[in-house]
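If you're matching them up, the sequences are chains A and B in order. Here the first sequence stands for residues 1 to 273, where the numbers follow the UniProt record's numbering. Here the second sequence stands for residues 1 to 290, where the numbers follow the UniProt record's numbering. Idealized CB from N, CA, C, for every residue including glycine.
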Amino acid sequence: MRRNWLYGPLCLLAVPFLFPTWWMVTSSFKPVREIFAFPPALWPGSPTLEAYERVFALQPFAQQYWNSLYIAVVVTAGTLVVSSLAGYAFARIPFRGANVLFVVILTGLLIPSEVTIVPLFQLFLTLGLTNTHWPLILVPIFGAPSVLATFIMRQFFLALPRELEEAARVDGLGRFGTYLRIGLPLARPALGAVAIFTFLHSWNLYLEPIVYLTTPSTFTLPQALTQYVDAYGGPMWNVQLAAASLTAIPVLAVFVAAQRQFVEGLAHTGLKG
Amino acid sequence: MKQRDHLVGYLFVAPQLIGSVVFVFVPLGLVVWYSLHEWNVLADSFSFVGTENYAALVDDPRLPGVLRATGLFSVGLVVVNLGLALLLAVLLNQRLRGTIVFRTLFFSPVVVSLVAWTIVWGFLLQDDGGINGLLRLTGIDGPNWLRGDGTAMGAVVLVQVFKNVGLNMVLFLAALQGVPAQLYEAATIDGAGAWTRFRRITLPMISPTVLLTSIITVVGSLQVFAQIAVLTQGGPGTSTTVLVYYLYQQAFQFHHFGYGSALSVLLFAIVLVLTLVQWRMRRRWVLDET
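Here's what the structure looks like:
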């Protein structure tokens, strides 16, 4: 094959994608004195678990891990319910003002959540819900981030053939029953794509946690990672890298195992319809 | 039955609609209202000052630098991200063994936690870090990437490109696979070279995807925060202080909520104008509007 030379540029381009993960994991097993050693070592000289012990000793890291995980799961589940209901109605149920309402909701896409962070902070402060996880759960499920999900769901339902649903309706199934028993099972690819987007979005939130949360036991992972600093505020690199590895590796493992569904699901639902 | 449909429809969209009102539209109105007030949380004072915050915006000596950093970041990110995404997609669209492995690899940073990714790059880019270590092996004395005026912005842009370019890459890849092979065959018979085929067939055929990804990337670039907070804290000077980071500093570090609100309104206006401009441009350079 004369295209074989393409492997050269591909491998070269792969370096900045692969090397950081390698460097993160190997450096997290290095003792402090090796971290900035020259020449740089691709493998720890005397591997140690010291950094990992400190990850858990310095902060309630397991609790923080759980916080991030459960918030992302709840947000994902909530978003799937809210967006599939709304998306289904906008695609299938002829109700008065549907088009106007759809456009109104869609304008939410033009309002990044950073724009409304000040009033939302005041709102949750007034409600006494700062330093709780409620802002990180409620806003993504009902606010701007779920608008994109609703849009994706609507487009997907619009592209589905109506016959199955019409048959179900003739058989006496109501709107909700049709949505639940026929619509949702057919929408599995779109639900999958929305679930991935939503989970990653919640998992990556950084501005919101540092605005709302002040107690280490309530922190989420991104916020917790940056808290491993020495007395002068400088990063404790090996501890940060160990915590970052613990954060990244499980998600990477899931991704590699299910990469086809991930990549193709996102690519197709993001565009078609 | 018809009457019931209206009710059922409203019930289905109610959570999203009420949520949008409570968490998007009312806050948007409030942020405009707040921006007309002098609001000091520490002194517990809240008084109407009209357009004073906007006058302060115009007079703020740091704002031109902030807007310049925001613009540089967005332009740099969009150009490098879309360019690299398109290059990767074209490479992976060739009939080669193992493209799935490369696709997985280029996409993998998308699923890595943003802050974890940023921390690793921060570590690599330290003055005595991995990148300068590797450069020294080849006899090059690398700069202190994140502390240099000329390099900090470039470093932040690249870190962000590598993080998310995989997303645009798979969108481009899906679009490339939708281009009918006959078009290329016909063009080849007519004597068109590879570059001409790319310019005259590929680019026009995937232009809707280019528009979509550029809108997503532009809006995303204006929201960048974590990378700046972790890598440079806006420095050196204000050379990487983008608008959202400045807004965070003003509102949540200096407790200038009124001024922070005015900055929020500015951010909203920028997003709105850019999106509308791109949307209007679609008629000129997007083929096949379906």
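* To do: Could you tell me whether the stretch 182-202 of chain B touches the stretch 133-140 of chain B, where touching means 3 or more Cβ pairs closer than 8 angstroms?
  => no
* Asked: How far does the alpha helix (DSSP H) with B:Trp33 in it reach, from first residue to last?
  -> 26-34
* Could you give the distance in angstroms between the alpha-carbon of A:Glu34 and the alpha-carbon of B:Val230? -> 23 angstroms
* Interface flag, B:Phe102 vs chain A, CB-CB below 8 angstroms -> yes
* Looking only at its own chain, which residues have a Cβ that is under 6 angstroms from the Cβ of A:Thr130, when we skip the five neighbours before and after it? -> Phe124, Tyr212
* Asked: Among B:Asn144, B:Asp44, B:Ile18, B:Leu267, which has the Cα closest to the Cα of B:Val224?
  -> Shortest Cα-Cα distance from B:Val224 to any of B:Asn144, B:Asp44, B:Ile18, B:Leu267 involves B:Leu267.
* **Short CB-CB distance (under 8 angstroms) between B:Gln3 and chain A** => Look at B:Gln3: its C-beta is not under 8 angstroms from any C-beta on chain A.
* Let me know the alpha helix (DSSP H) ranges lying completely inside the stretch 1-75 of chain A, each 4 residues or longer, listed in chain order. => 7-28, 32-35, 50-58
* **chain B contact residues for A:Glu34, given Cβ-Cβ distances below 7 angstroms** => Result: empty, since nearest Cβ-Cβ is about 12 angstroms, beyond 7 angstroms.
* Asked: Name the DSSP bridge partner or partners of B:Trp39?
  -> B:Phe46
* Could you tell me the distance, in whole angstroms, from the CA atom of A:Leu49 to the CA atom of B:Gln126? => 23 angstroms
* Taking the C-alpha atoms as reference points, what is the distance between B:Gln250 and B:Thr238? -> 14 angstroms
* To do: Would you mind telling me which residues of chain A sit closer than 7 angstroms to B:His6, beta carbon to beta carbon, in chain order?
  => Phe95, Arg96
* Asked: Mind checking whether B:Gln160 and B:Ser214 have CB atoms under 8 angstroms apart?
  -> no
* To do: Have a look at B:Leu96, B:Gly76, B:Val13 and flag the residue whose alpha-carbon is nearest the alpha-carbon of B:Thr240.
  => B:Gly76
* **C-alpha gap between B:Leu212 and A:Thr150, whole angstroms** => 17 angstroms
* Asked: What residue range is occupied by the uninterrupted alpha helix (DSSP H) comprising residue 359 of chain B?
  -> Residue 359 of chain B falls outside the range modelled here, since chain B spans only 1 to 290, and no answer is possible.
* **A:Arg162 versus A:Arg92 - alpha carbon distance** => 9 angstroms
* Asked: On the three-state DSSP scale, how would you describe B:Val224?
  -> In the structure shown, B:Val224 sits in coil (DSSP, three-state: anything other than H, G, I, E or B).
* Give me the Cα-Cα distance between B:Thr290 and B:Ile189, rounded to the nearest whole angstrom. => Confidence at B:Thr290 is low in this model, with a pLDDT of 43, below 50, so its placement is unreliable and no value can be given for it.
* Express the C-alpha separation of A:Pro112 and B:Val244 in angstroms, rounding to a whole number. => 10 angstroms
* **Pairwise C-alpha distance: B:Gly191 and A:Met1** => Model confidence at A:Met1 stands at a pLDDT of 49, short of 50, so the residue's coordinates are unreliable; what they give is reported in the following sentence. Near 22 angstroms, if we compare the C-alpha coordinates of B:Gly191 and A:Met1.
* To do: Kindly indicate which residue of B:Ala116, B:Arg147, B:Ala155 has the alpha-carbon position closest to the one of A:Val239.
  => Looking at the Cα atoms, B:Ala116 is the closest of the given residues.
* **Enclosing alpha helix (DSSP H) for A:Arg175 [first to last residue]** => Following the DSSP letters along the chain, one finds A:Arg175 inside the alpha helix (DSSP H) bounded by residues 175-178.
* chain A residues whose Cβ lies nearer than 8 angstroms to that of B:Asp128 -> Phe36, Phe38
* **Length-filtered (4 minimum) alpha helix (DSSP H) runs lying within the stretch 180-238 of chain A** => The alpha helix (DSSP H) runs of length 4 or more contained entirely in the stretch 180-238 of chain A are, from start to end of the chain, 188-204, 207-212, 221-225.
* Status (buried if at least 16 other CB within 10 Å, exposed otherwise) for B:Met281 -> exposed
* Leaving out the 5 sequence neighbours to the left and right, which residues in its chain are closer than 7 angstroms to A:Thr178 when beta-carbon positions are compared? -> Glu165, Ala168, Arg169
* Asked: Cβ atoms of A:Gln64 and A:Leu200: under 8 angstroms apart, would you say?
  -> No, Cβ-Cβ distance for A:Leu200 and A:Gln64 is not below 8 angstroms.
* To do: Assess, as a yes-or-no matter, whether the stretch 102-121 of chain A is touched by the stretch 58-78 of chain A under the definition of 3 or more beta carbon pairs within less than 8 angstroms.
  => Touching, no, given that fewer than three Cβ pairs across the two stretches are closer than 8 angstroms.
* To do: Check whether the Cβ atoms of B:Gln16 and A:Ala86 lie closer than 8 angstroms to each other.
  => yes
* To do: Look up B:His256 in the DSSP assignment and say whether it is helix, strand or coil.
  => In this structure, B:His256 counts as strand in the three-state DSSP scheme.
* Asked: What's the gap between the Cα of A:Pro189 and the Cα of A:Pro140?
  -> 21 angstroms
* **Interface partners of A:Gly108 on chain B, CB under 8 angstroms** => Within 8 angstroms Cβ-Cβ: Ser20, Val24, Phe25.
* Can a CB atom of chain B be found closer than 8 angstroms to the CB of A:Thr132? -> Judged by the 8 angstroms Cβ criterion, A:Thr132 is not in contact with chain B.
* Is the beta carbon of B:Ala262 less than 8 angstroms from the beta carbon of B:Asn53? -> yes
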